[in-house]
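For what it's worth, full-length UniProt numbering labels the leading residue of the sequence shown as 1, then goes sequentially. These notes are about the structure you will find just below.
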Amino acid sequence: MQIFVRGADELVPLELEKDDTVQDIREYIAEEYDVGMNDLVLSYNGTLLNDEQTVEQFGLVSGSTIDATMKLFGGKVHGSLARAGKVKGQTPKVAKQEKRKKKTGRAKRRLQYKQRFVNKVASFGRRRGPNSNQQAST
């Protein structure tokens, strides 16, 4: 039967028998591409091929395509992606503090009156909002 091996840049046809093992395919591809057998990874339909299995056991049929890739070096990720999504675990828990009770009713109205009329200094120009950080110009 004839299968195809998809490498880095081309499709290589390969004649096999039903009792050939994946190890035989790996040896042929290693010679064809001049790479080490241990660095070669073979997969079929997204599943890695085991060296001891035969072509028939794995379900390869005539016209099937095997992907041949090289092992990549792995290791530590550098940069900001290494810590992505880990902020929640690093933020320390802080105990909630008691807050002062908000004034209501007559006390709240008294506070509004003082803010709006009593503590105001007459100044020229535009009126600033309550959260403005600018100093009074007078």
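Using N, Cα and C, we set each Cβ at its ideal position, and we do this for glycine too.
Helix, strand or coil at residue i [DSSP, three-state]
i: Val41; result: strand
i: Val94; result: coil
i: residue 139; result: Since the first residue shown for the chain is 1 and the last is 138, residue 139 is missing from the structure and cannot be characterised.
i: Gln53; result: coil
i: Glu27; result: helix
i: Val61; result: coil
i: Leu35; result: For the record, residue 35 in the displayed sequence is Val; it is not Leu. Reduced to three states, the DSSP call for Val35 is coil.
i: Arg6; result: strand
Candidates the options, of which the one nearest residue i by Cα
i: Gln53; options: Asp19, Lys103 and Gly36; result: Asp19
i: Arg116; options: Asn38, Arg100, Phe124 and Pro130; result: Pro130
i: Asp39; options: Ala107, Arg126, Tyr113 and Glu27; result: Glu27
i: Asn45; options: Val5, Asp9 and Phe73; result: Val5
CB-CB length for residue i against residue j, believed under 8 Å
i: Val61; j: Leu42; result: With 8 Å as the limit, Val61 and Leu42 do not qualify as a contact, their Cβ atoms being about 16 Å apart.
i: Leu11; j: Ile3; result: Wrong, their Cβ atoms sit about 10 Å apart, outside the cutoff.
i: Arg128; j: Gln134; result: 6 Å
i: Lys103; j: Leu111; result: 6 Å
Below 8 Å, how does it come out for the region 23 to 37 and the region 64 to 74: are there three or more Cβ pairs, yes or no?
yes
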